[in-house]
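One structure is given here, and the rest of the page talks about it.
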Amino acid sequence: MLSNGIIGNLNEINDAEQKNKEIDFALVEWFDAEKSILKLATQAGRDVGIRQPAGKCLHSDDIIYKDDKLIVAVKIKPSKLLRVKFEDSLKAGRVCYELGNRHLPVSITENEVTVPYDEPTELYLNSLGFEPECIVGVFAGSLVKHHHAHE
């Protein structure tokens with residue numbers, strides 16, 4: 038089965054349409070969600086090839102295939118993450134600066150920053166006094182796309 042990318046979202050279709058169709062999910066790692074070409078297996082064992090426009094990113098519940106009997110949607114797999122909570126903009130700015138300086142993908146909300154887990158980052162954040170919390174969840178950030186030289 039081939040897909041040209043996202044054609045909708047499960048949240049946008051009504052219950053009657055969902056009720057009359059099989060819904061199968063293709064599980065995607067967070068770091069694969071921005072790739073323009075993917076080959077995935079669905080939970081029911083179907084092979085799906087996805088070719089989506091550059092710059093597009095898959096999210097949970099995005100529909101990548103639909104016909105009269107079947108809907109194939111995406112689920113981003115949960116992964117191990119580090120979360121740093123903050124109470125003020127000074128701490129927020131400092132933790133974002135430190136993580137950005139390491140070229141890490143980040144997810145930023147009003148009072149926390151989340152990055153994919155790795156032990157060196159956890160140790161580094163602890164050494165700076167940030168007290169990161171290890172959690173399991175769906176990473177909502179994106180990969181860093183800029184490049185520059187360090188002299």
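Note that our numbering has the sequence shown beginning at 38, numbered continuously upward. Glycine included, each C-beta is placed from N, C-alpha and C at the ideal position.
What distance in whole Å lies between the Cβ atoms of residue j and residue i, which are believed to be in contact at a cut-off of 8 Å?
i	j	result
Val-65	Pro-115	Between Pro-115 and Val-65 the Cβ distance is about 11 Å, and since that is not below 8 Å, they are no contact.
Lys-93	Gly-137	About 24 Å separates the two Cβ atoms, so there is no contact after all.
Asn-57	Asp-98	Their Cβ separation, rounded to whole angstroms, is 18 Å, which puts Asn-57 and Asp-98 out of contact at 8 Å.
Ala-34	Asp-61	Limits of the chain in this structure are 38 at one end and 188 at the other, which puts residue 34 out of reach.
Ala-110	Ile-101	7 Å
Pro-169	Pro-153	No, Pro-169 and Pro-153 are not in contact; Cβ-Cβ is about 12 Å, not under 8 Å.
Between the beta-carbon of residue i and the beta-carbon of residue j, is there less than 8 Å?
i	j	result
Leu-107	Thr-151	no
Leu-75	Asp-69	yes
Ser-144	Gly-178	yes
Lys-122	Glu-147	no
Can you say whether residue i is buried or exposed, counting buried as having 16 or more other CB atoms within 10 angstroms of its CB?
i	result
Val-132	buried
Ile-172	exposed
Asp-40	Looking at the sequence itself, residue 40 is Ser, so the reference to Asp does not match. Ser-40 should be labelled buried.
Leu-162	buried
Tyr-134	exposed
Ile-44	exposed
Leu-95	buried
Gln-55	exposed
Ala-53	exposed
His-184	Note that His-184 scores 47 on pLDDT, short of 50, meaning its location in the model is unreliable; the coordinates nonetheless yield the value given after this. That one is exposed.
Under the DSSP definition of a beta bridge, which residues are partnered with residue i?
i	result
Phe-62	Ala-110
Ala-78	Asp-84
Lys-122	Glu-149
Ile-172	Leu-118
Asp-155	None; Asp-155 has no bridge partner.
Lys-103	Ile-108
Asn-46	Asp-99
Leu-39	Gly-86
Between the Cα of residue i and those of the options, spot the shortest distance and give me the residue it belongs to.
i	options	result
His-140	Ile-113, Asn-46, Thr-158, Lys-117	Thr-158
Ile-38	Glu-59, Ile-87, Asn-51	Note that residue 38 is Met in the sequence shown here, rather than Ile. The candidate whose alpha carbon is nearest that of Met-38 is Ile-87.
Ile-113	Asp-104, Asn-51, Ala-63	Ala-63
Lys-117	Lys-103, Asp-155, Asn-51, Glu-59	Asp-155
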